[in-house]
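Below is one structure, written out as structure tokens; comments come after it.
In my numbering, the protein residues as written are 1 to 904.
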């Protein structure tokens, strides 16, 4: 069947509704018609069947290309699905790569944030942190406190920090002989009788020390007394007074011979015993003998117990008496601890001075009578007298008692006492001061001459201590060349000297500290004196009591810092504020060969980890620099300023600051520091920054801030930590507002290096304690809050500084690279509100600062978040009550919600 037939058969199989009426008419005809119609229907059915078969064959023919077409379409659909899947996989891969890239970028941003935070944290570390460890506390606060206490030992308010020998060295003013050169005027008497006139004068002026009666009783009972004391304490006068008393009633016949005689020390105890046992013993009955033994000379040996017993027997045999005077020390200990030994205490100072004053005034009684009219007029000006009086001085009335009272009142003036600078006066010193006071009252001395003469007392003592110490060593090398022992006693000879120097530098530290430093210096002195011999010193011959007596020192109960904690200790000081400066001046000015070992010793002390050691040594080095800055700069300051360790560089900076405290050296130090800040090496710039932080190394605060900014921004902020640290140290100066304004200018600067300087300085300010700031002097409102954070102490004492500090902290908290470190610093500030025992600590400072920091809603949300973080801290959770209290401090009552009022 053709395609046309197939197309024509379709209507028959699907007749239209219009053919239905026609079918009904056909059913109404007769049967024949029905039969025809039946045949026709059968034929029709056959045709329809043929048509259906043809349609199936046609459909089969049509379906073949359609199947092929379907297979092609199926193949096309299958290929499109694979492409879509591949595209989907590629898209997924791209998404994954993008996510990974975002993760990497996020991690990189986090690492960068951590690096920035770490850099800021690194810049806020203390300069000593690299030596003491990342997490360990540094000792700069302890060093600052040591500096305060040490500077009190040296008067830096004037350049004449000790007696100026160029003013008066040796002069006669009236009958006053001022000899400030302690060299002996002539060789001392070696042997011979003591004149009766001298004994009578001694009876008139001698002041009995405490325990004098015990000394006399011991001499009468044993006939022999070994008397130990430090030189210059009146031990010889006491010995002569004892002999004068015991021999005056011993039965000696008048005119038979001298009652008291001095004995040549070269003969020693055995020589005196032989003399008493020889011929003429009866002529020596009732006689007293004074023997002074020099046991400190190298090679000298003390007499043993048998020698002393033999001498006592000889004395008893002829009814005589003897007093052996020895100097306290390890060599004399066996004598003083034996049956004949006793310590001679010093005479009371006030009684000594009164006696000497009366003596001097009585010597000029006739002159007083001639000046009767002038004395009363001078007396009237005593109460209003000041140091500005150029000539003349007040005096008492004509009566001796009134004049003596006026002299004693003058001696008690604070200015005169400071000039003397000694707690206890020895007999010779009391005599000199009495002469000075009497001369001023009688018009022979001006007030300035009086003060200068009083300063000579400490200078004279220092010169006596060090003059000719090693003179006895001059003859020893010849003995060594002949096979002798050589200079084996060098260390023992130098130890007392080294102890006095160590005490001048380290006064106020434990006795063990001074003793250990003295042994180091003894080694340096011994090596300098005899470089070919290894110094040797006995290990068990130290005598702390002798050290105190020989050095005019005292022990006091105190406390010393050890690793940030205070512990009880026995501290050692000179008995006189003038002695440390006098000792250093004597050593540096008059004994040039000692400078080399002293410089080496100071360098050793600069490496000591204890702040109360190296800081005191630095201050003392500054005082030495004032006396010869050229030598100190070349040998001490410049080498330490370029050292590799921070502690040595801080030592050099402290030395320069101490020198800058004197007007004579201030400009030189400022010029030096300015040059270092501009043109110096990295180490010199670091040292210059530390010197600027003390406040004396620049003419003005602006100059100091300019120099610190130069140092901080140079070389990509390589010295940012040192610069920011010392900017914070300037915040204790009176013009602290100027420092805060400069910090604000830096934070708004166009250059990032200046911004970093301002931000780091702000964070460091929040982390710094008051006791770390050198300008916070004890006794000031700021210094009395030594354990407070610096911004809280400033907020409590200087309310006008609250807003500038709050603005700086707000900037640091809202700057991405500093906000994390600033947040930690704010947390540290808030944790100081109360102490661990619950008592109030820095709450007043927080009450002033926190409201200014939480003025806006955003700031309050940040504070709320921080308080919650502190409360949830697993290691140190903040109690709810403290968090609530801090919130109420920050948010004023009108700004609180009802919920906050009820629950915080």
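Every residue gets a Cβ at the ideal spot worked out from N, C-alpha and C, and that includes glycine.
All figures in this text were calculated on a predicted structure; none of them were measured in a lab.
Listed in chain order, the alpha helix (DSSP H) elements of length 4 or more contained wholly in the region 652 to 728 are 663 to 679, 682 to 692 and 701 to 713. In the three-state reduction of the DSSP assignment, residue 340 falls in the coil class, being assigned neither a helical nor a strand state. Taking a contact as a CB-CB distance under 8 angstroms, the pair residue 518 and residue 502 counts as one, their CB atoms being some 4 angstroms apart. Taken through DSSP and simplified to helix, strand or coil, residue 566 comes out as strand. The residue among 400, 359, 84 and 533 with its C-alpha nearest the C-alpha of residue 436 is 359. By the Cβ neighbour-count rule, residue 454 is buried, with 16 or more other Cβ atoms within 10 Å of its own. Residue environment: residue 752 is assigned as exposed (fewer than 16 neighbouring CB atoms within 10 Å of its CB, all protein chains considered). If you compare the alpha carbons of 596, 722, 606 and 348 with that of residue 691, the shortest gap goes to 722. Residue 306 sits exposed, since fewer than 16 C-beta atoms from the chains shown fall within 10 Å of its C-beta. Shortest Cα-Cα distance from residue 706 to any of 678, 682 and 717 involves 678. Annotation: the continuous alpha helix (DSSP H) that includes residue 237 extends over 235 to 248.
Assigned with DSSP and collapsed to three states, residue 303 falls in coil, not helix or strand.
Contact annotation: residue 754 and residue 713 have beta-carbon atoms nearer than 8 angstroms. Distances from the alpha-carbon of residue 364 to those of 427, 353, 443 and 426 put 443 closest. By the Cβ criterion, the region 509 to 529 is in contact with the region 570 to 577, since at least three pairs of Cβ atoms, one from each stretch, lie closer than 8 angstroms. Each of 808, 766 and 817 was checked against the Cα of residue 827, and the nearest Cα belongs to 766. Taking C-beta separations shorter than 8 angstroms and ignoring five residues to either side along the sequence, the partners of residue 222 in its chain run 312, 339 and 340, following chain order. Counting of Cβ neighbours within 10 angstroms places residue 592 among the exposed residues, the total staying below 16.
The residue from 579, 597, 537 and 666 with its alpha-carbon nearest to that of residue 553 is 579. In the three-state DSSP reduction, residue 229 falls in the strand class (E or B).
A distance below 8 angstroms separates the beta carbons of residue 863 and residue 854. The continuous stretches of alpha helix (DSSP H) do not include residue 324, which lies in the beta strand (DSSP E) extending over residues 321 to 327. A residue is called buried once 16 or more other Cβ atoms fall within 10 Å of its Cβ, and residue 274, having fewer, is exposed.
A check of alpha carbon separations from residue 323 across 857, 149, 656 and 246 identifies 246 as the nearest. Per DSSP, residue 289 lies in no alpha helix (DSSP H); the unbroken beta strand (DSSP E) holding it starts and ends at 288 to 292.
Around the beta carbon of residue 337, fewer than 16 other beta carbons sit within 10 angstroms, so the residue counts as exposed. By the Cβ neighbour-count rule, residue 700 is exposed, with fewer than 16 other Cβ atoms within 10 Å of its own.
Residue environment analysis places residue 531 among the exposed positions, since fewer than 16 neighbouring C-beta atoms fall within 10 angstroms of its C-beta.
The beta carbon of residue 429 is closer than 6 angstroms to those of 457 in its chain, skipping five residues each way along the sequence. Its chain contains 227, 229, 235 and 238 as the residues whose beta carbon lies nearer than 6 angstroms to that of residue 344, once the 5 sequence neighbours on both sides are disregarded; these appear in chain order. Here residue 889 has 846, 847 and 850 as same chain residues with Cβ atoms under 7 angstroms from its own Cβ, once five neighbours each way along the sequence are excluded. Here residue 356 is buried. Its C-beta has 16 or more other C-beta atoms within 10 Å. Nearest in C-alpha terms to residue 740, of all of 709, 801, 287 and 793, is 801. In this structure the region 615 to 627 lies against the region 654 to 667, because at least three pairs of beta carbons, one per stretch, are closer than 8 angstroms.
Residue 601 and residue 410 have their C-alpha atoms roughly 42 angstroms apart. In the DSSP assignment, residue 514 falls within the alpha helix (DSSP H) that extends over 511 to 529.
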